Amino acid sequence: MFGLFGLAFFITICGMGISLLAGVLRLAVMSLPIIINTVEETLNQVPDSWRKSSYALGQTIFLVVLPVALPGLLTGSILVFARAAGETSAIMFTAAVISTPNLPNSPFSAVISLPYHIYVLATTGTNPDIVVPMQAGTSLVLLAMVLGMNLVAIILREKTEKKLKI
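If you use the numbering used here, the sequence shown closes out at 166, no skipped numbers anywhere.
Set out below in structure tokens:
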């Protein structure tokens, strides 16, 4: 569904063609509701008395509310990036090609993404002795990348929570 929306809107209506920019915009549109909900829930968890006391002391939201909400905001943002890294359909329809001889040199260049590379290997590979190890290696890289991003989210959250407790 996300990929088809990106194909219909960014490729057909906006005329961007299959490009990095179309893929990035599609992932941004897909991630926006998650980011909005994360920010809203995190800011609502800050006690109302802290907000009122910051107003009474003449301090801004930036000095009281946002530092308290920072762990949740960081975690939500990094988890959205991790989800976008593993997204296949949005990239497959808007940004990815089966192969390209060069690295992208502009936002309007097509790219090869890890999830789409795994898909291409699974559907077009004719020699399993060569294709299966490539699929496994690409899957391992993608898995390590997503797990690494989630680990960074956990570590950042823990560090900011410890900083706030002191």
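Every residue gets a Cβ at the ideal spot worked out from N, C-alpha and C, and that includes glycine.
This structure is a prediction, so every number in the text was calculated from the model and none was measured.
Sub-7 Å separation of residue i and residue j beta-carbons
i, j, result
"Leu27", "Ala90", "yes"
"Val80", "Ser113", "no"
"Leu73", "Thr42", "yes"
"Pro107", "Leu20", "yes"
"Leu70", "Thr12", "no"
"Thr94", "Gly148", "no"
"Val68", "Val39", "no"
Straight-line Cα distance separating residue j from residue i
i, j, result
"Ala153", "Ala84", "14 Å"
"Phe10", "Trp50", "43 Å"
"Val146", "Ser54", "38 Å"
"Gly76", "Glu87", "17 Å"
"Met16", "Ala22", "6 Å"
"Asn150", "Ile78", "7 Å"
"Ala8", "Lys162", "46 Å"
"Ala144", "Pro101", "25 Å"
"Thr137", "Met92", "Per the sequence shown, residue 137 should be read as Gly rather than Thr. Roughly 20 Å separates the two Cα atoms."
"Leu25", "Ala96", "13 Å"
"Glu158", "Asn127", "46 Å"
"Ala122", "Asp129", "12 Å"
"Ala82", "Pro33", "15 Å"
"Ile155", "Pro133", "32 Å"
Contact set for residue i: own chain, Cβ-Cβ below 6 Å, skip 5 residues either direction
i, result
"Ile98", "Val120"
"Ile166", "Caution applies to Ile166, whose pLDDT of 44 falls short of 50 and renders its modelled position unreliable; the value that the coordinates give is listed next. Cβ within range, chain order: n/a, list empty."
Contacting residues, own chain, Cβ-Cβ under 7 Å from residue i (five flanking each side not counted)
i, result
"Phe139", "Residue 139 is actually Ser in this sequence, not Phe. Ile118, listed in sequence order."
Nearest candidate by alpha-carbon position, reference residue i, set the options
i, options, result
"Asp48", "Val64, Cys14, Asn105, Pro104", "Val64"
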